[in-house]
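*Asks:* Quick note: the sequence shown uses the numbering used here, first residue 522, plus one each step.
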Amino acid sequence: MEEYNDGIDVLVADASHEKYVDTILTTITEAAKVRGSGIASRTHEYVATKMKERKAIIALKGEEFAGFCYIESWENKHYVANSGLIVVPKFRGHHLATRIKKAAFTLSRLRWPNAKIFGLTSSGPVMRINTMLGYVPVPFSELTQDDEYWKGCGTPDHPCCVNYDVLCRTGRKYCVCTGMLYDPAQHPGDPLPMQLPDDVVKMAKEAASKNLR
């Protein structure tokens, strides 16, 4: 991992971090309210499973929660999304969102080296981070078409986002959010943006080998 002098550690989460799940979910919900947008609702069990599967990044200052992001795969692992990015307000100003995204992006590329990595965002800072990592804006047609992913935006009976009606009216072609995509086929030989611990790299490469069988 990269070295910083702020005392905040950015880690690949594991089962020992489940004690932070409820705090993470509350922080994500409160941030969505401040932004005036919706967000895909996740259960305690869902996020805890991501940690146990080593598909999440957590930032801690000592024992205090500072930030989080998790990874999802879609369409038989052809698409991967880094979702739920959150930084606790008091820890902003430390480039923590960038550090978390770089860690999630690196882990995604190690575990799913051939997958297209994508995201939906209306956040200017997140767009800038994504651009730095090599994402480009794309129409929604180039993102996963898995209905389960799009349920994160809402359903007719339960719209999660205040802009869900826009997504419906356009036939899921566009919305307020921007679709962004990193296609590894367009970036042969790109270096990974962050060095992860050796044990994490080994775990990720073993998982990648199983994914490719």
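Note that the Cβ used here is the ideal one computed from N, Cα and C, for glycine as well.
Taking Trp671 as part of the alpha helix (DSSP H), name the residues at either end of that continuous run.
*Replies:* Taking the sequence shown and counting its residues from 1, the one referred to as residue 671 is at position 150. Where Trp671 is concerned, the enclosing alpha helix (DSSP H) stretches over 668 to 671.
*Asks:* Closest to Pro646 by C-alpha separation, out of Val608, Ser730, Pro680, Leu546, would be which residue?
*Replies:* As a first step, residue 646 is located in the sequence shown; it is residue number 125 there, counting from the start. Nearest option by C-alpha distance: Val608.
*Asks:* Go to Leu617, then tell me how far its alpha helix (DSSP H) extends in each direction, as first and last residue.
*Replies:* To locate residue 617, count along the sequence shown from 1; it is residue 96. Where Leu617 is concerned, the enclosing alpha helix (DSSP H) stretches over 617 to 632.
*Asks:* Taking buried to mean at least 16 other C-beta atoms within 10 Å of its own C-beta, is Gly583 buried or exposed?
*Replies:* As a position in the sequence shown, residue 583 is number 62, starting the count at 1. Burial call: exposed.
*Asks:* With C-beta atoms as the reference, is Leu641 less than 7 Å away from Gly700?
*Replies:* Position 120 of the sequence shown, counting from 1, holds the residue named residue 641. Position 179 of the sequence shown, counting from 1, holds the residue named residue 700. Cβ distance < 7 Å, so Leu641 and Gly700 count as in contact.
*Asks:* Just to confirm, are Val568 and Val542 a CB contact at a threshold of 7 Å?
*Replies:* As a position in the sequence shown, residue 568 is number 47, starting the count at 1. As a position in the sequence shown, residue 542 is number 21, starting the count at 1. Against a cut-off of 7 Å, the Cβ pair of Val542 and Val568 comes out as a contact.
*Asks:* Given that a residue counts as buried once 16 or more other Cβ atoms are within 10 Å of its Cβ, and exposed if not, what is Ser604?
*Replies:* Position 83 of the sequence shown, counted from the start, is the residue given in the question as residue 604. So Ser604 ends up on the buried side.
*Asks:* Taking the beta carbon of Val657 as the centre, do at least 16 other beta carbons fall within 10 Å, making it buried, or is it exposed?
*Replies:* Here the question's residue 657 lines up with position 136 in the sequence shown. So Val657 counts as exposed.
*Asks:* Going straight from the alpha carbon of Ile650 to that of Thr619, what length do you get?
*Replies:* Here residue 650 corresponds to residue number 129 of the sequence shown, with the count starting at 1. Here residue 619 corresponds to residue number 98 of the sequence shown, with the count starting at 1. For Ile650 and Thr619, the distance between alpha carbons rounds to 6 Å.
*Asks:* Between which two residues does the alpha helix (DSSP H) carrying Val697 extend?
*Replies:* Residue 697 sits at position 176 when you count from the first residue of the sequence shown. Segment: none, Val697 is in no alpha helix (DSSP H) and carries neither H nor E.
*Asks:* In three-state DSSP terms, what is Lys731?
*Replies:* Position 210 of the sequence shown holds residue 731. In the structure shown, Lys731 sits in a helix (DSSP, three-state: H, G or I).
*Asks:* Quick one: grab the DSSP three-state call for Val721.
*Replies:* Along the sequence shown, one-based indexing puts residue 721 at 200. Three-state result, Val721: helix.
*Asks:* Compare the Cα-Cα distances from Val659 to each of Ala729, Lys540, Lys637, Asp668 and report the closest residue.
*Replies:* Here residue 659 is taken as the residue at index 138 of the sequence shown, counted from 1. Per the Cα distances, Lys637.
*Asks:* Leaving out five residues before and five after Leu617 in sequence, what residues of the same chain have Cβ atoms less than 8 Å from its Cβ?
*Replies:* The sequence position of residue 617 within the sequence shown is 96, counting from 1. Excluding sequence neighbours, Leu617 sits near Ile529, Val531, Ala580, Ala587, Gly588, Val608.
*Asks:* Is it buried or exposed, His538, if we count other Cβ atoms within 10 angstroms and call 16 or more buried?
*Replies:* Within the sequence shown, residue 538 is the residue found at index 17, counting from 1. Buried, since its Cβ has 16 or more Cβ neighbours within 10 Å.
*Asks:* So what does DSSP say about Thr665, is it helix, strand or coil?
*Replies:* Counting from 1 along the sequence shown, the entry for residue 665 is found at position 144. In this structure, Thr665 counts as coil in the three-state DSSP scheme.
*Asks:* In this structure, how does DSSP classify Ser643 when only helix, strand and coil are distinguished?
*Replies:* Within the sequence shown, residue 643 is the residue found at index 122, counting from 1. Ser643 falls in the coil class under three-state DSSP.
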